[in-house]
Each structure stands twice: as C-alpha cells, then as structure tokens.
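Working notes for the structure below.
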C-alpha cells in the first residue's frame, strides 16, 4: 500500500497571556493555542477546522475518513499543512466522487462533531460488528491511572479535550485538541496510518476520552473497531442508545476506583474486590 | 411588531438507566435526554439539532438568528415543534433570501458551534460596538453564587452545558442543553422574543456559561449586546483574541472567590478586599 506523504507541521500548543486575578493583580497564565486550518481537497475548499495544531496531518486524514469522504488510505497522495496560510492541501490520486453532494447534508451533533455525515453514519451503525473485546477491572484502573499521570496541555493551560487509544492498559496514543471531535479524528487518522492488529479478548482496543460519551463518540469509536470507551465524564441519551444498539461498552464517571458501566457490561471482567471502600456514586 | 406563534413543546429532561458500578452492582442513574430536532424552514430541511428539548422553540429562533438567516423577528410567522416526528416547522412571512447559498459555507468551530456562518461572523465582529457595561466584583460573586445554588439537570444527570443571562446579579434566564451552542442559541432566541433594555453601567447584561470561552461564545455574546462573559472554565486562543478585538470582558475560572479576567479588565470594578484569603490560581 502506498502511504500518503505528510508534512510534520506541529505548532506551539500554548501561549501566555496576562490576566487580572481576583486580587486585582496582573498574572501570566497559559492558554491553549487555537488555529484555523482550512482543508482543501484537490484545490477545492472543504472545511475550516479550529485546532490546537498538535497533529494537523493526522487530523485531516481522520476527518476525511470519519466524514467518509476517503475510503482507502492509498487514494490520498499527500497532505501538506502550512500554518503561514492556515491551510492543509490534500492531494488525492483520483479525486473524490460526488464531493459536493456528500458534503451537503448537515447535522449539528451534540459533541458537536462535524455532523454533516451523521445521518449516513446512523445507517452504517447497524452493519457494524465489534470485536469480542473484554477489559478487566484491573486494566480499566490501569488506564485511568495512566491518564492521571499523563503530562498534558490540559494541566498547563486547561480548556482542551483529551483522547487516548489503549491496547489493554498500554497507551498507544494520547491526543489533545480544543475541539473534542478533532481529538477523535486525529486518533482515527493515526490508526488509519499505522494500522492496528485485530483486538483480542486479552488485549482489547480501548478509547479514552475526557469528554462525554456522546453519539458521535460512540459511532466514531465503533467505526474504528473500538468496542470499549472510557470517560471521566457521563453519557447522553443518544450516546447511550447507540452504544446499546451496537453493543459498545461505555464506561463513564471513571475516576479513582469509581466508574459506571452504562452499556454492554458483558465486555467488562468485573473484579469488585479491587473497588475498595464504597463511595457514593457522583451521579450519572 | 407581530410576534411569531410558538408551540410549547417542552419534553422530559432526563431518563433513568440501569448501570453496573465498580462493585458489580446494578444501580439506576439519570442521564440527560437528547433528541434529534430537524428544522424545516418553509418546508425546506435546514439542519438537525441534537437537543435536551427544554425550550425547542427558543432554540430554533436563536439558531436562525445566530446563523443570520432571519434578521427580523416579525418575518417569522410561526415555529411548530412536534416531538412525534422530531421536527420544528418554521413558517416565514416572505421566505429567506438565498438560503442555499447562505447555508453552504461551513466552518467547524471549537465549541463546536454550527460554524457555517463563522467566517461571515468574523467580518461582522469589527462593526460591533458593545454597551459601556461595568460589573462590580461583588456582582460577579453574586452571579457565581446564584449559579451554584441553581437547581439543574447537570446536578441530577450531568453531561449538559449550562448558560445563563443576568442583568447585574439578577438572573433573567437559565438554560441547559446537551450541546453548548444550543444553550447559547436558546438564550439568543429568548432575548430576541422578550427584548431587553439597553444595558446600563449599573445593570450590565452578563452572560454566564459552564463551558469554555471559545470564539463562538465570544462572538455570539457580542452579537447579543452582552459585553461581559463569565465562565467557570477557561478560554482558548481564538476566544481570547476576538474578545480583545471587540473589547468584550471575559472572566474565566470563576469559582468561589477566584477568577481570572482575560480581557477588557476595565469593565470590572475590582474590589480586592472581597477576594478573601489568597488561593493559588488554578491555571489558565
């Protein structure tokens, strides 16, 4: 397979600004960078993404894939990102069929992903068969702890969403962005580029997100062949219903030893003896 | 002025689901409702919004206004929401000019608002002149405390964003939705319907959000004539830069007595003596 040629246009992730605090004092704090990246496919403007800019090439590839605009990686010749002009130029080998039509229908999802294809994704959902992955409670706690220890833009500047891909409890990739959908798409792009072995029951692929378990998160995870999604946050009704429908295991409120498994609990190997003393659940 | 005729299709805001907790026990928790609402303007499908469903008619009006599709309230004849079919039928008195063209250009913003008009909004930003509003630190603390005491879907089910509109420290409206952009648009719709006196220096209009101070939040607030935005969260670079450009006062990390004023501090009447003992800033 011919891999696309990619630039490596990582940009600074934070900037310092001078603020006034409650004591009336000037203070310098970091805020996350945020850049407009306009994506052109074969010189045609497609969309402008607001991004932190950590991995713009993976983001663009993941966006094209998750929007179902490009089906095969080797149909992409190159992705060239130039921050000078805030543009990502995608060159395809043979163009994208019916691109106008396929980018016409918009749905604003909750997450709020680039929902233009949401309607079509829903049709796709029922055809998905997820790998028979199972995660032990010990692995789940391992993931939560790895995330807790992860150095991040969130810790230094706040205001970003983090996502990570794990095999079992070992982290394959950690991505942050100002828009959560960008972080998901970046991981999708990375998975597409680097591939991944089929998940096994022992070493399932697990997707972690700091954000909510929305319909977008569930659908995109399922499309990536990930059948277990972990979040420190909660779920929404659509996320819950779609996860049930595809048999994707959603686990929310995962902090410390606490968690709530909303859907497909059969994918968890529960080890209640590891849960330690009882805390009251922090709600849904 | 002729007011549009609106249905009142409020729907249940939460549903109960059965989960499995870390002790391997079944537990019933609430999650926020989430509904697809497809907006039709004069029988033409415009967009599908995923919403909690608390105030669908205000949401649709605010969406049309914030997307700059309808300029005058009296050009809207009626908004009819029917959850049976998940549709909001908007009837205008004389149609919307060039609607195809005006809904064609898409930008996916961070928030991630229905960015289709983001590009055009940016042009508009420079023409905005915000009212000379000033907020005292005492009023700011009053707002934070009112929000703290507010009964909410967030408290019962989590996973929603909250927004509120204040005049001085008195709350005019509190709105939650699964998508933050929906909460903003709902407040915009309400303001459009109910109008509001010009803000005074003593009683400024203040917008509160649980979410980040993104470009979308700043632009929409400025368009609503709100010159002070308060958040418990932080800011992003675009939000910061646009707020500076329009002279909108953004205050983040507002919890307890702590806050960081990112932009336009001249709009705050600082009263450091109210700040109490020093806490370390929680970061940007």
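Protein chains in written order, with the numbering used here: chain A, 1 to 284; chain B, 1001 to 1284.
A virtual CB, placed ideally from N, CA and C, is assigned to each residue, including glycine.
These figures come from a predicted structure and were not determined experimentally.
Q: Pull out every residue of the segment 1239-1261 of chain B whose Cβ sits closer than 7 Å to any Cβ of chain A, in chain order.
A: 1240, 1257, 1258, 1259, 1260, 1261
(Q) Beta-carbon within less than 6 Å of residue 78/A's beta-carbon, same chain only, minus the 5 sequence neighbours each way: which residues are those? (A) Within the same chain, residue 78/A has close Cβ partners 4, 5, 91.
Q) Going along chain B in order, which residues have a C-beta closer than 7 Å to the C-beta of residue 237/A? A) 1015, 1031, 1032, 1033, 1034
(Q) Let me see if you follow: with CB-CB separation under 7 Å, is residue 284/A close to chain B or not? (A) Summary for residue 284/A: the model assigns pLDDT 44, below 50, so the residue's position carries little reliability, and this model does not support an answer.
Q: Given a cut-off of 7 Å, decide if residue 1192/B and residue 1093/B are closer than it, judged by their beta-carbon atoms.
A: Not in contact: residue 1093/B and residue 1192/B (Cβ atoms no closer than 7 Å).
Q: Give the C-beta separation of residue 230/A and residue 140/A to the nearest angstrom, bearing in mind that I take them to be a contact with Cβ-Cβ under 8 Å.
A: 7 Å
Q: Pick helix, strand or coil for residue 1027/B, following the three-state DSSP scheme.
A: strand
Q. What residues in its chain sit with their C-beta under 8 Å from that of residue 1057/B, if we drop five residues either side in the sequence?
A. 1006, 1007, 1008, 1009, 1079, 1081, 1088, 1189
Q | Closest Cα partner of residue 185/A within the set 204/A, 221/A, 171/A, 203/A | A | 221/A
Q) Is it right to say residue 1176/B is buried, meaning 16 or more other beta carbons lie within 10 angstroms of its own, or is it exposed? A) With 16 or more other Cβ atoms within 10 Å, it is buried.
Q) With a cut-off of 7 Å, does the C-beta of residue 19/A fall near any C-beta of chain B? A) Taking CB atoms only, residue 19/A has a neighbour in chain B less than 7 Å away.
**Q.** Validate contact between the segment 1234-1242 of chain B and the segment 68-75 of chain A using beta carbons, cut 8 Å, 3 pairs
**A.** no
Q. In terms of residue numbering, what span does the alpha helix (DSSP H) encompassing residue 1154/B cover?
A. 1153-1157
Q) Closest Cβ-Cβ distance between residue 1039/B and chain D: below 7 Å? A) Absent from the structure: chain D. Protein chains present are A and B.
Q. Can you name the residues of chain B whose CB is closer than 7 Å to the CB of residue 270/A?
A. Those within 7 Å of residue 270/A in chain B are 1024.
Q: With a threshold of 16 other CB atoms inside 10 Å of the CB of residue 145/A, please say whether the residue is buried or exposed.
A: exposed
Q. What residues from chain A crowd round residue 1127/B, counting only those whose CB sits closer than 7 Å?
A. The contacting residues do not exist; residue 1127/B stays about 20 Å from chain A at best.
Q. What three-state label does DSSP hand residue 1063/B in the structure shown?
A. helix
Q) Using 8 Å as the Cβ pair cut-off and three pairs as the minimum, do the segment 1270-1279 of chain B and the segment 1246-1259 of chain B touch? A) yes
(Q) Within the continuous alpha helix (DSSP H) that includes residue 82/A, where are the two ends? (A) Premise fails: residue 82/A lies in the beta strand (DSSP E), 76-82, not in any alpha helix (DSSP H).
Q.
Going by DSSP in three states, residue 1096/B sits in which element: helix, strand or coil?
A. In the three-state reduction of the DSSP assignment, residue 1096/B falls in the coil class, being assigned neither a helical nor a strand state.
Q: Answer yes or no: do residue 167/A and residue 135/A have a C-beta to C-beta separation smaller than 7 Å?
A: no
Q | Three-state secondary structure (DSSP) of residue 253/A | A | strand
Q: State the start and end residues of the unbroken alpha helix (DSSP H) segment that holds residue 193/A.
A: From DSSP, the alpha helix (DSSP H) with residue 193/A extends over 180-194.
Q | Simplified DSSP state of residue 245/A, which is helix, strand or coil | A | Residue 245/A sits in a helix when the DSSP states are folded into three classes.
Q: Mind checking which residues open and close the alpha helix (DSSP H) that includes residue 1144/B?
A: 1137-1149
(Q) Is it buried or exposed, residue 183/A, if we count other Cβ atoms within 10 angstroms and call 16 or more buried? (A) Answer is buried; the Cβ neighbour count reaches 16.
(Q) For residue 1159/B, count the other beta carbons within 10 Å of its own beta carbon; 16 or more makes it buried, fewer makes it exposed. Which is it? (A) Result: buried.
Q: Please compile the residues from chain A whose C-beta is within a distance smaller than 8 Å of the C-beta of residue 1062/B.
A: Residues of chain A passing the Cβ test: none, with the nearest at roughly 13 Å.
Q | Local Cβ density within 10 Å of residue 1016/B, reported as buried at 16 or more and exposed below that | A | Exposed is the call here.
Q) Would residue 194/A be called buried (16 or more neighbouring beta carbons within 10 Å of its own) or exposed? A) Looking at its Cβ environment, which holds fewer than 16 other Cβ atoms inside 10 Å, residue 194/A is exposed.
Q) Among 1219/B, 1059/B, 1161/B, 1148/B, which one has its Cα closest to the Cα of residue 1123/B? A) 1219/B
**Q.** Among 171/A, 83/A, 37/A, 143/A, the one whose alpha carbon lies nearest that of residue 63/A
**A.** Cα-wise, what sits closest to residue 63/A is 37/A.
Q. Which residues of chain B have a Cβ atom closer than 8 Å to the Cβ of residue 233/A, listed in chain order?
A. 1158, 1159
Q.
When you compare the CB of residue 1275/B with every CB in chain A, is at least one pair closer than 7 Å?
A. yes
**Q.** Interface flag, residue 265/A vs chain B, CB-CB below 7 Å
**A.** Judged by the 7 Å Cβ criterion, residue 265/A is in contact with chain B.
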